[in-house]
Structure formats: structure tokens, C-alpha cells
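Notes follow the structure.
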Amino acid sequence: MSASGAQGPVGLSQDEILRYARHLITPEVGMEGQLKLKQASVLCVGTGGLGSPITIYLAAAGIGKLGLVDSDVVDVSNLQRQVLHGTRDVGRPKLDSARDTLRELNPFVEVATYDARFSRQNALAIARDYDIVVDGTDNIPSRYLLSDVCVLLGKPLVHGSVYRFEGQVTVFDAKQGPCYRCVYPDPPPPELVQRIAVGGILGVQPGIIGCIQALEVIKRVVGKGKPLIGRLLTLDSMNLRFREVKIQKNPQCVACGPHASLSEQLFDYEEFCGLRGAGPAAGPGGSEITVPELQTLIDAGRPFILIDLRAPKRSEAERIPGARPIPLPEVLFHLHEFTWADTLILYGESDEEAEEAAKTFRQANFRKTRVLKGGIAAWREEAQAA
């Protein structure tokens, strides 16, 4: 973990007065509100699709200290929506890229970086010293973790989520309204959790939702406007329709209710969401399956999905019975069709071809991904020998 930038005495320098001039002449902000922004500290968990607009606009607004949590690296597929990062950042840690972008945008903001996955082991320690926590994550286990941590620490959580052409925003504050568990006491079925995690997303969607999250943070800090506490704002981008849903505190909530059982001994949130034990992480060394082993699975009627990665003409001419043809260049576009519970067996003309596709699946958390050793040639030889 590291920190950059410096926080000076309370007050604005001449450069800051010029920078925030449009805030200072706005009655709802003014000098008093701008000084509140300068003294505020905000933790954003995630520097991806949501985290990008959240942190960009909070830094531009003059939030005094921004904490960033992420352990990922920039991938070229991120650039369609994660505007904190650019082409030259591909392969860099997202925290480094985010820090550089925010420093360039506003050198008066302190940026603290936490190069770690936000987990039950470190969440309380990281979030404890911040005024507000903002959810920039993309998975359901993290949302439960963030909510529980904020309930325990008595901090507001500005929640946002996006999926394809849909999005939602609210502010969870157990002191004044519901927490995440009040609205979602139980996680959705594991299959739905998995499909959400690998679903597509229109690039501009997290930009819209993330900007609303940043707005809620600024309103909270300056103490103006009506916050989204007890109100869930949803967005249907295809029809450009916003809808507001009232949400209420659940008196039986295990996290924030009068008989809450939540403690700082946080539990396994992936297991809670039905994701733990979906299969061991498959690395190149332990992910192969031989033709005889595949035949045993077939004979036993075990469930699995066999994928032929070769070009259409080759696949049509010769294919292992039951295999589904998905050419290697198109793998990324079919991830949403599978769940993490699926056992995937891939084959191509070579092991290298199959390993390339397997890497894509594993990066998307399909841990039960295996490669048919020797590919179609090994299957052909075995069939001829029989």
C-alpha cells in the first residue's frame, strides 16, 4: 500500500481557487462546501468500469483523499469502458495507471493505493479511516462484503451496479436506512451470480452510473440535496428510462437489524453466494485431460461441455461427437453462455491453441476448464487404435 500527494492546511491556495471557481460561485457548494470536499476522504473499491468515472469526477471535484483498492492489471478488453486507463497502460497494474491519471488530473488530491483484493482479511482495516466508501466492484460477493463492513464501521456506502444495458444506484446507510442485506437478504442462485459476472456491458453504461455515484458522494460531503437513502434508482439505457424504487430497512436484517448477528469475524462471501468449491483453480500444469480420461467421462455420462476451437471448415469435416464448435477467435463472445459450475474441455489442432482459449476462460473465473491433451490428433489416433 502506498500514498501520493500531500494534504496542506485547511484552506484553498490561489491555484485551487482558480481550479474550483465554478464550485465556489455555486451557492450550494461555495467556499464552505469546497473546504469540506478538501477535508473529506473517500475509498473506492475497484478502478474499472464504475471506479473510473467515480474517481475521475471525485478527483476533479477536489476530494482531499482518495483511496483506491484493486489488484488487477489493465487488459485491452477493459479500454472499452474503463476510462482511467489507456492503450499504453495495457499490462500495467490498474492502481499505477489510475494513480497517474488522477495525479495528472488534480495534483492537489492525495491518492492512497491498496494493491490487494478487497477481502474479509483486509476490508475493515482498509475502510476504517475513510468517511465514505464507494462500490466500484463487479461481483455480488464483494457487494455483501462492502455492505457488512460499512455497517460494522458505521459508514455510508454508495452502491452502483451495471449489467448489459441496465444499472442501479443507491446509498446504503444503516444509521438512516437500509443496508444491502435489507434489500437482498439472500444471494441469487449461483448460476445467476456466475452469468452476471461474465455478462456483456455497453461501455457507456458504467460511465452513467459511476457519475451518479460520484454525485451522491459530493452531495453527502457538502451536505446538500436529498441523498438516495431508501431509494433505488434504476436505469434502462435501451429505452433511456430512469425508475425509482423505494427500499426499506428490514427489521429482521442479520446485519443491521435490532438482533443483528454480524460481527467483525467476517465469513466467506464466495461460499455464501454458492461459488466456493465450484472446482479447483486450473493452471496449465494440472488442467489437462487425456483421451482415455475423456472417454471415461463420456461412458459414465458425466456432465461436461466439449468445445472444438478449430476453424469452421476443419470442425465440420471432423469433430469429436458432442463437441460444440466455437472458433478460437470467437471465444470471448461466448463466455456469457456458460457458468462457473460448468466443466469445460477444450481441444484444437494443438495444445497451444487450446491453452490460449483456456487462459481466456480462466481469467473469467471458469476454474473447471481443462485441455484435451494432444487435441484432435490424439482423439483420432485413439479411435484408429480401437
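Residue numbers (our numbering): 764 to 1149. Note that the Cβ used here is the ideal one computed from N, Cα and C, for glycine as well.
Tell me the rounded alpha-carbon separation between E1144 and K1131. As a first step, residue 1144 must be located in the sequence shown, where it is residue number 381. As a first step, residue 1131 must be located in the sequence shown, where it is residue number 368. Computed Cα separation, rounded: 26 Å.
Exposure label - V805; buried when at least 16 CB within 10 Å: For the purposes of this step, residue 805 is taken as residue 42 along the sequence shown, with counting starting at 1. By the Cβ neighbour-count rule, V805 is buried, with 16 or more other Cβ atoms within 10 Å of its own.
Residue from T1102, A1127, A1074 and P969 whose Cα sits closest to the Cα of L1095: For this step, residue 1095 is matched to residue 332 along the sequence shown. Nearest C-alpha to L1095: A1127.
Bridge partners - E1007, DSSP secondary structure assignment: Here residue 1007 is taken as the residue at index 244 of the sequence shown, counted from 1. As computed with DSSP, E1007 is found in a beta bridge with L996.
Cβ-Cβ separation, F881 to V932 (assumed contact under 8 Å), whole Å: Here residue 932 corresponds to residue number 169 of the sequence shown, with the count starting at 1. Here residue 881 corresponds to residue number 118 of the sequence shown, with the count starting at 1. 20 Å between Cβ atoms; not a contact.
Quick one: is D778 buried, meaning 16 or more other Cβ sit within 10 Å of its Cβ, or exposed? As a first step, residue 778 is located in the sequence shown; it is residue number 15 there, counting from the start. By the neighbour-count rule (16 or more Cβ atoms within 10 Å), D778 is not buried but exposed.
What residue does the beta strand (DSSP E) around I1108 start on, and which one ends it? For this step, residue 1108 is matched to residue 345 along the sequence shown. In the DSSP assignment, I1108 falls within the beta strand (DSSP E) that extends over L1107 to Y1110.
Count the other CB atoms, across all protein chains shown, that sit within 10 Å of the CB of H1022; report buried if there are 16 or more and exposed otherwise. As a working note, residue 1022 is residue 259 in the sequence shown. Burial check for H1022: the Cβ neighbour count within 10 Å stays below 16, so the residue is exposed.
Taking only the alpha-carbon atoms, compute the straight-line gap between S1000 and L965 and give it to the nearest angstrom. Along the sequence shown, one-based indexing puts residue 1000 at 237. Along the sequence shown, one-based indexing puts residue 965 at 202. If you take the alpha carbons of S1000 and L965, they lie about 9 Å apart.
Which of the three DSSP states is assigned to S1026 in this structure? Residue 1026 sits at position 263 when you count from the first residue of the sequence shown. Looking at S1026 - three-state DSSP - the assignment turns out to be coil, as it is neither helix nor strand.
Nearest CA to the CA of R927: which residue from E1056, L998 and R782? Along the sequence shown, one-based indexing puts residue 927 at 164. For R927, the closest of E1056, L998 and R782 by C-alpha to C-alpha distance is L998.
What are the partner residues of K828, as DSSP defines its beta bridges? On the sequence shown, residue 828 is found 65 positions in, with the first residue counted as 1. Answer is S804 and E873, bridged to K828.
Got a sec? Which residues, its chain only, sit under 6 Å from T1106 by beta carbon, not counting five neighbours each side? In the sequence shown, the residue the question calls residue 1106 occupies position 343. Contacts found: F1067 and K1131.
From what residue to what residue does the alpha helix (DSSP H) around Q931 run? Position 168 of the sequence shown, counting from 1, holds the residue named residue 931. Note, Q931: premise wrong, no alpha helix (DSSP H); beta strand (DSSP E) at E929 to F935.
Separation of R782 from P1047, as counted between CA atoms: Sequence index remark: in the sequence shown, residue 1047 carries index 284 (1-based). Sequence index remark: in the sequence shown, residue 782 carries index 19 (1-based). Unreliable positioning characterises P1047 in this predicted model, as indicated by a pLDDT of 35, which lies under 50. A coordinate reading is not provided.
Contacting residues, own chain, Cβ-Cβ under 8 Å from I780 (five flanking each side not counted): Start at 1 with the first residue of the sequence shown, and residue 780 comes out as number 17. Excluding sequence neighbours, I780 sits near L787.
Tell me whether the beta-carbon of L868 lies closer than 8 Å to the beta-carbon of I903. As a working note, residue 868 is residue 105 in the sequence shown. As a working note, residue 903 is residue 140 in the sequence shown. The Cβ atoms of L868 and I903 lie no closer than 8 Å to each other.
Using DSSP bridges, identify the partner residues of I1068. Taking the sequence shown and counting its residues from 1, the one referred to as residue 1068 is at position 305. I1068 pairs with L1107.
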